[in-house]
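Enquirer: Chains as they are written, first to last, in my numbering: chain A, 1 to 128; chain B, 1001 to 1128.
Ideal Cβ positions, reconstructed from N, Cα and C, are used throughout, including at glycine.
Have a look at this one before I ask anything.
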DNA sequence: GTCGTTGCAAAGCGTTTGCAGCCTA
DNA sequence: TAGGCTGCAAACGCTTTGCAACGAC
């Protein structure tokens, strides 16, 4: 089921990507990570960003944020349960604390619930 | 902003696609629509499915259902406000009636709310 | 007969992968 | 030095588009 998992090395590229994600207060996409990472390592390629994203996902350091109709974003793992807000104007995604909870009553007969995802849409404070 | 919008024609392909969507009790993807459509019009191509999906979307006959991390699905327009359930096992998506509502309190200061999307995950009745 | 539509193949776009050289440990 | 990592370019999967033939009205 699982590969022997090689010994990871701390390259400047990997460090730059991990720090970019940890320092951000909102989830970031591969292209944004490339731009930020290139401030430290100008030669960095997009393929490297993707490979490190996948490595960090597998080691559990970051989480994939998937919103309807958009390519995935990534944020630090270990944030508490939260949801996301997508600004209709600037397109940025923000973390939202809290959760309405109590969604089980919505389920049809015989269905079981293991998780949920909520995305809010509107204008962020900068764009409102 | 908007093209003069040509006079649409009722081809067998378009009819088959529209009927497949209207007859389904759950949202369908392009590949599924191709398979169903080919029962009526075996020569149908995937490009035709996509072109008709987009035409039906613009004329407001169908709605795009976008779930996190999956390609879009399509369902009849005019269904009342609802959400979606994604089965972890079979991968199918089902419509869910009802809505928790009252999500405004979750917003940070200065943010405005125009809409929301909720996706539930778990096992459907067949897979539970 | 017009002109919207179709099938096919090529092009786009975001993501993944093969490969040879590079660099961390 | 070994072998994981990187940059580059080719490959992929899904969707769109150019083009010539087709067919609805």
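#1: Grouping DSSP H, G and I as helix and E and B as strand, with all else coil, what is residue 1105 of chain B?
#2: Grab the span of the alpha helix (DSSP H) containing residue 963 of chain B for me, first residue to last.
#3: DSSP state of residue 75 of chain A, grouped into three classes?
#4: Can you find a C-beta in chain A that's less than 8 Å from the C-beta of residue 1072 of chain B?
#5: Tell me where the beta strand (DSSP E) around residue 1041 of chain B begins and ends.
#6: Check whether the Cβ of residue 107 of chain A lies closer than 8 Å to any Cβ atom in chain B.
#7: Check whether the region 1017-1027 of chain B touches the region 105-118 of chain A, counting contact only when three or more Cβ pairs, one atom from each stretch, lie closer than 8 Å.
#8: For residue 64 of chain A, which beta-bridge partners are listed by DSSP?
#9: Can you find a C-beta in chain A that's less than 8 Å from the C-beta of residue 1096 of chain B?
#10: Beta-carbon separation of residue 1050 of chain B and residue 1064 of chain B under 8 Å?
#11: Would you list, in chain order, the members of the region 1011-1039 of chain B that have their beta-carbon closer than 8 Å to a beta-carbon of chain A?
#12: Does the beta-carbon distance from residue 103 of chain A to residue 1100 of chain B come in below 8 Å?
#13: Where does residue 79 of chain A land, buried or exposed, given buried means 16+ other C-beta within 10 angstroms?
#14: Flag residue 1063 of chain B as yes if its beta-carbon sits less than 8 Å from any beta-carbon of chain A, otherwise no.
#15: Which value, in whole angstroms, describes the spacing of the CA atoms of residue 1122 of chain B and residue 40 of chain A?
#16: Assuming contact is defined by CB atoms lying nearer than 8 Å, are residue 13 of chain A and residue 29 of chain A in contact in what I supplied?
#17: Can you name the residues of chain B whose CB is closer than 8 Å to the CB of residue 116 of chain A?
#18: Measuring only between beta-carbons, confirm whether residue 6 of chain A sits less than 8 Å from chain B.
#19: Comparing C-alpha positions only, which one of A/128, A/77 and A/72 sits nearest to residue 59 of chain A?
#20: Between B/1095, B/1097 and B/1108, which has its C-alpha nearest residue 98 of chain A's C-alpha?
#21: Do residue 18 of chain A and residue 61 of chain A have their C-beta atoms within less than 8 Å of each other?
#22: Enumerate in chain order the residues of its own chain whose CB-to-CB distance from residue 951 of chain B is below 7 Å, with the five nearest sequence positions on each side excluded.
#23: Just to confirm before moving on: does the CB-CB distance between residue 82 of chain A and residue 95 of chain A stay below 8 Å?
#24: Residue 110 of chain A touches chain B at which residues, Cβ-Cβ below 7 Å?
#25: Is residue 125 of chain A buried or exposed, if buried means 16 or more other CB atoms sit within 10 Å of its CB?
#26: So, helix, strand or coil for residue 117 of chain A, using DSSP?
Expert: Taking the coordinates as given:
#1: Correct three-state label for residue 1105 of chain B: helix.
#2: Lying before the first or after the last residue shown, residue 963 of chain B is absent from chain B, which here runs from 1001 to 1128.
#3: Strand.
#4: The Cβ of residue 1072 of chain B sits closer than 8 Å to at least one Cβ of chain A.
#5: Residue 1041 of chain B -> no beta strand (DSSP E), and no H or E assigned at all.
#6: At least one chain B Cβ lies under 8 Å of residue 107 of chain A.
#7: Here the region 1017-1027 of chain B does not lie against the region 105-118 of chain A, with fewer than 3 beta-carbon pairs under 8 Å apart.
#8: According to DSSP, which records beta bridges pairwise, residue 64 of chain A is partnered with A/74.
#9: Interface with chain A (8 Å Cβ-Cβ cutoff): residue 1096 of chain B is included.
#10: Taking 8 Å as the Cβ cut-off, residue 1050 of chain B and residue 1064 of chain B do not qualify as a contacting pair.
#11: Those would be none; no residue qualifies.
#12: Yes, they are a contact pair.
#13: The residue in question, residue 79 of chain A, is exposed, as its Cβ has fewer than 16 Cβ neighbours within 10 Å.
#14: No, residue 1063 of chain B does not count as interfacial toward chain A.
#15: Cα-Cα distance, rounded: 42 Å.
#16: Contact: no.
#17: Chain B residues near residue 116 of chain A: 1118, 1119, 1120 and 1121.
#18: Output row for residue 6 of chain A: interface = no.
#19: Of the candidates A/128, A/77 and A/72, the one whose C-alpha sits nearest the C-alpha of residue 59 of chain A is A/77.
#20: Residue 98 of chain A has its Cα closest to that of B/1108, out of B/1095, B/1097 and B/1108.
#21: Against a cut-off of 8 Å, the Cβ pair of residue 61 of chain A and residue 18 of chain A comes out as a contact.
#22: An answer regarding residue 951 of chain B cannot be provided, because it is not within the stretch 1001 to 1128 covered by chain B.
#23: By the CB criterion at 8 Å, residue 82 of chain A and residue 95 of chain A fall inside the cutoff.
#24: Correct list: 1125 and 1128.
#25: Per the 10 Å Cβ criterion, exposed.
#26: In the three-state scheme derived from DSSP, where H, G and I count as helix and E and B as strand, residue 117 of chain A is classed as strand.
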